[in-house]
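One structure is given here, and the rest of the page talks about it.
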Amino acid sequence: MSPHSPVLLALHLPLVCAVLALAAQPAWAQPQGKPPAAVARWVAELMGGCSKAGGRPAKSPGLVTVADLNADGLPDYVVDASQLNCDGAGSLYAGPTGAEVALFIGRPGGAATKAYNGMAYGATVDATTTPHRVTLNLAGLPCGQANADRLPFSEWKACSRPLRWVAARNAFELGPPAPAGAAR
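Residue numbers (this note's numbering): 2 to 185.
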């Protein structure tokens, strides 16, 4: 099989896309070297799901953001599936509850561990704070609206909630809700 065969190229496409997504980050978000295996696998699964759904993974510069989320000096990774550009299957990973957001905490030696996984309508990273802070855009129940499951989506209350690092659990948890776009 030629190294340029369509089968080999298809097998390597997810890893290439992961690296391209990381390379498109702002200067403060540049990782040292290639992404950790756990992050590359997560991105490859997203890209693979796009292909399986009949879509074509495209350049997705906002898919992975690199920041120091727990002030340990190691790169951490925010993977926001709402930022995946999947030509031909655009709503594959997004729906009424949002899209999946996963946070990976960098470990010594270039490894990473998943420390949060949830649904949101987008994640933003504030690099002006130490540690950098992730805020999720949410709606309905996570915003304190207990009856959201009985209301049309257009009546769901929107909010923003910061994610807070809990070192004792090696995980992030949601902070208190604020009006949409106001959490800091």
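The beta carbon of each residue, even a glycine, is placed where N, CA and C say it ideally should be.
Of all alpha-carbon atoms in 48, 103, 106, the one lying nearest the alpha-carbon of residue 87 is that of 48.
Around the CB of residue 70, 16 or more other CB atoms lie within 10 Å, so the residue is classed as buried. Counting the other CB atoms within 10 Å of its CB gives residue 171 a total below 16, which places it among the exposed residues. In the DSSP annotation of this structure, the continuous segment of the alpha helix (DSSP H) that includes residue 46 starts and ends at 38-53. Contact check for residue 97 against residue 144 fails: the beta carbons are separated by 8 Å or more. Counted as a single uninterrupted DSSP element, the beta strand (DSSP E) harbouring residue 164 occupies residues 159-167.
Beta-bridge partners assigned by DSSP to residue 174: 165. Considering only 139, 57, 60, 62, the residue with the shortest C-alpha distance to residue 124 is 139.
Secondary structure at residue 142: helix, using DSSP grouped into helix, strand and coil. For residue 125, the enclosing beta strand (DSSP E) starts and ends at 124-127. In the structure shown, residue 108 adopts coil according to DSSP, grouped into three states. When the alpha-carbon of residue 41 is set against those of 64, 55, 54, the nearest one is in 64. For residue 119, the enclosing beta strand (DSSP E) covers residues 113-121.
Considering only 93, 92, 74, 66, the residue with the shortest C-alpha distance to residue 80 is 66. Taking a contact as a CB-CB distance under 8 Å, the pair residue 162 and residue 137 counts as one, their CB atoms being some 5 Å apart.
Judged by beta-carbon spacing, residue 68 lies beyond the 8 Å limit of residue 114, meaning their Cβ atoms are not closer than that value. For residue 69, no beta strand (DSSP E) segment is defined, and its DSSP state is neither H nor E. Counting only residues of its own chain and dropping the five nearest sequence neighbours on each side, residue 168 has a CB closer than 8 Å to the CB of 71.
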